[in-house]
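J.: Residue numbers for the sequence shown, in the numbering used here: 334 to 712.
We put the CB at the ideal spot given by N, CA and C, even for glycine.
Fair warning: this is a prediction, and the values are worked out from it, not measured in the lab.
Sharing a structure, written as C-alpha cells. Questions coming.
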Amino acid sequence: HAQDSTAAWPPQLVEDLSALAIRCINAADESQRPRFVEVVRGVRGLTERFPRPKLMASATSSSSRTCGGYNASDESPSPDNGRHLALAPTGRAPFVLELVSAEDIDVDSLPADQRRLLLTPSAEAGGRISSSVGRQLHQELFEIWLPNTELRSSISRLAFEVSWTSSFSDAQIVARGNNPVTLDGKILARGEPTPLEIGDEVGFSYTQSGEIVLFLRLRFAAAPRSAIEASVAASAATAALPFNLHEESPPSSSAWRLRCLFVEGLTSEELPSLPISAREFTIQDNSQLVIGRQHQPREFEVLLDKAPNCMSFISRSHVQLEAKSGQLTATNVSSNPVYVDGEPLSRGASKQLLADQVMSFARLEGSTHALFVSFQVCH
C-alpha cells in the first residue's frame, strides 16, 4: 500500500522485488540472506519478466527518460566527477595489481601479461597522481579474469582509485563504486582514503551465510621494468591519421606502410572500395605510430563496418610501430593478441617487421584465435 503510484509498477514486480529486498536485510537469520550473485540473478530475472516499456520520443532526453512510470534514467555520475583536474604528466605505471586468484579461473594458465593490471596514471590533483580501476576502464582484463557475467557485474564500472605522490610513496586506495571492495579482507568505506602498502591484497566480494567470500583477489606491487615500458608505449602520443574519401598522395620512399589485405565480412571486391586512409597506415622513418581504436576510431569503424563485434578485440592502444634507421619494429602494448605471419606476439613483446610480412588482429572463437583483419608490410 506504500507503493509510489506515480511509478506505475506492475503489482507482481513490486511484490517480488520487495520480497527479495526483505531477504537481503533479514537480521534474524543471516543464513536466509541471498548471496550477492543470487541478488544479481534475481534482479536480472525481474527485468526479463517485466521489461521496461517502450519510450516515447517526447519523453526522451540525454539525462532522464520516463514513460508509463518506469524510470529509465542514465546511471548517475560517479561521485568523483570533476575531481580529475589535469592529466598526469607521464604515462609511466610505477605500480601494478597482480592477479592472485579468480573464481573458476586457473591463474597459472594465463600468460604473464594477463595476470597484471597496470596502474597507469590517469589524473593528477593536489600533489597526488591517481589511477582508476573498474569494470568499464579495464574491460578486457576483467572479461578474462571473470568469464561469469554475473560476477563481473558485481564489480563497479569505477570500483576504486589508487594514488601516490610524485616520489612514488604514500600510496592510498579509495573505494568509489557501490559494490564492495576489500583491502586485506576488510571492506573499504566508500570515499575514504586508506594507506596501501606493497603486498596488500585488494579484493572483490559477495556475502554467503554471513561470511565474506572473495571471488577476485589482486596484489599491489611495484611494476617490473617491462610493464613500465609497455605502459609508456601504450600512452605515447600519436599523430592523427588523415581521414577522407579521396586518394592521398603517395608516401615518401623511406616510409613504411601497412596495407590492408583482409577484413572479416568484406569480399576482395569490396575492400579496395574503402577510403585509402582506412585501409593503409603510414609510418615515416624515425617516427612512431600507435594503432588502436582510440587512435584511429573512424578508420576501424569503416574497416569493421560489417564485423562490428570484432571492434572489442581492438584495444584502445593495441600495437606500437616504430620506424628507425630503415627498420620497422612492432610492440604489442595490449592484452589482445597480435599476430605476425601467423605467430602470436605477446603483450610487451617486440618483433622486427620485414617487407611483405603480414600483421593481423585476432578475436576469440571458442578456445582459439581467428584472424579478422590483416595488413601487409610494405616499404
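Is the beta carbon of serine 487 less than 8 angstroms from the beta carbon of valine 373?
T.: yes
J.: Asparagine 619 and phenylalanine 646 look like a contact to me (Cβ under 8 angstroms); what is the Cβ gap, rounded to whole Å?
T.: With a Cβ gap of about 31 angstroms, asparagine 619 and phenylalanine 646 do not count as contacting.
J.: Following the continuous beta strand (DSSP E) through cysteine 357, name the residue where it begins and the one where it ends.
T.: In the DSSP assignment, cysteine 357 falls outside any beta strand (DSSP E) and lies within the alpha helix (DSSP H) extending over 344 to 357.
J.: What are the boundary residues of the beta strand (DSSP E) that includes threonine 664?
T.: 660 to 665
J.: Tell me the residue span of the beta strand (DSSP E) that contains leucine 474.
T.: Taken as a continuous stretch (DSSP letters only), leucine 474 belongs to no beta strand (DSSP E), being part of the alpha helix (DSSP H) at 472 to 478.
J.: In this structure, how does DSSP classify alanine 695 when only helix, strand and coil are distinguished?
T.: strand
J.: To the nearest angstrom, how far is the alpha carbon of glutamate 431 from that of serine 601?
T.: 44 angstroms
J.: DSSP three-state label for serine 442, please.
T.: For serine 442, the three-state secondary structure derived from DSSP is helix.
J.: Based on the DSSP secondary-structure assignment, which residues constitute the bridge partners of glutamine 505?
T.: Ser496 and Pro528
J.: When burial is assigned at 16 or more other CB atoms within 10 Å of the CB, is alanine 426 buried or exposed?
T.: buried
J.: In the DSSP assignment, what are the bridge partners of lysine 519?
T.: Beta-bridge pairing links lysine 519 to Leu516.
J.: Counting Cβ pairs, one atom from each stretch, are 3 or more of them under 8 angstroms apart for the region 511 to 528 and the region 436 to 443?
T.: no
J.: Pull up the distance between the alpha-carbon of glutamate 632 and that of glutamate 473, whole angstroms please.
T.: 21 angstroms
J.: Which residues mark the beginning and the end of the beta strand (DSSP E) in which isoleucine 647 is found?
T.: In this chain, isoleucine 647 is not harboured by any beta strand (DSSP E), its DSSP state being neither H nor E.
J.: In whole angstroms, give me the CA-to-CA distance for leucine 622 and glycine 681.
T.: 16 angstroms
J.: In the DSSP assignment, what are the bridge partners of isoleucine 462?
T.: According to DSSP, which records beta bridges pairwise, isoleucine 462 is partnered with Glu457 and Trp497.
J.: Give the C-beta separation of leucine 450 and histidine 471 to the nearest angstrom, bearing in mind that I take them to be a contact with Cβ-Cβ under 8 angstroms.
T.: 6 angstroms
J.: Could you pull out every residue in the same chain whose Cβ sits closer than 6 angstroms to the Cβ of glutamine 447, ignoring the five residues on either side in sequence?
T.: Ile477 and Ser668
J.: In angstroms with no decimal places, state the Cα-to-Cα distance between histidine 712 and serine 587.
T.: 7 angstroms
J.: List the whole-angstrom C-beta distance separating serine 499 from isoleucine 462, where the pair is believed to meet the contact cut-off of C-beta under 8 angstroms.
T.: With a Cβ gap of about 7 angstroms, serine 499 and isoleucine 462 count as contacting.
J.: Using CA coordinates, which residue listed in Ile355, Thr380 and Arg592 is at the minimum distance from proline 343?
T.: Of the candidates Ile355, Thr380 and Arg592, Thr380 places its Cα closest to the Cα of proline 343.
J.: With a Cβ-Cβ cutoff of 8 angstroms, do valine 652 and valine 671 count as a contact?
T.: yes
J.: Taking all protein chains shown into account, do 16 or more other C-beta atoms lie within 10 angstroms of the C-beta of arginine 368, making it buried, or fewer, making it exposed?
T.: exposed
J.: Is the beta carbon of glycine 625 sitting closer than 8 angstroms to the one on arginine 590?
T.: no
J.: According to DSSP, simplified to helix, strand and coil, what is threonine 380?
T.: helix
J.: If you reduce the DSSP assignment to three classes, tell me which class isoleucine 545 lands in.
T.: Looking at isoleucine 545 - three-state DSSP - the assignment turns out to be strand.
J.: Are there 16 or more other CB atoms within 10 angstroms of the CB of threonine 701, so buried, or fewer, so exposed?
T.: exposed
J.: Does the distance from the C-beta atom of alanine 522 to that of arginine 509 stay below 8 angstroms?
T.: no
J.: For leucine 604, name the three-state secondary structure that DSSP assigns.
T.: helix
J.: Could you tell me if arginine 612 is buried or exposed, where buried requires 16 or more neighbouring beta carbons within 10 angstroms of its beta carbon?
T.: With 16 or more other Cβ atoms from the protein chains shown falling within 10 Å of its own Cβ, arginine 612 counts as buried.
J.: Can you name the residues that DSSP bridges to arginine 590?
T.: Thr615 and Cys711
J.: The alpha helix (DSSP H) that contains arginine 631, what's its start and end?
T.: 630 to 636
J.: For phenylalanine 428, count neighbouring C-beta atoms within 10 Å of its own C-beta (all shown protein chains included) and say buried if the count is 16 or more, exposed if not.
T.: buried
J.: Take glycine 378 and list the residues in its own chain whose beta-carbon comes closer than 6 angstroms to its own, dropping the five residues that flank it on each side.
T.: none
J.: Under 6 angstroms Cβ to Cβ from lysine 684, same chain only, skipping five residues before and after it: list those, please.
T.: Ala663, Val673 and Leu678, listed in sequence order.
J.: Quick one: residues in its chain with C-beta nearer than 6 angstroms to the C-beta of leucine 654, no 5 flanking neighbours on either side, listed in chain order?
T.: Ile616, Leu622 and Ala663
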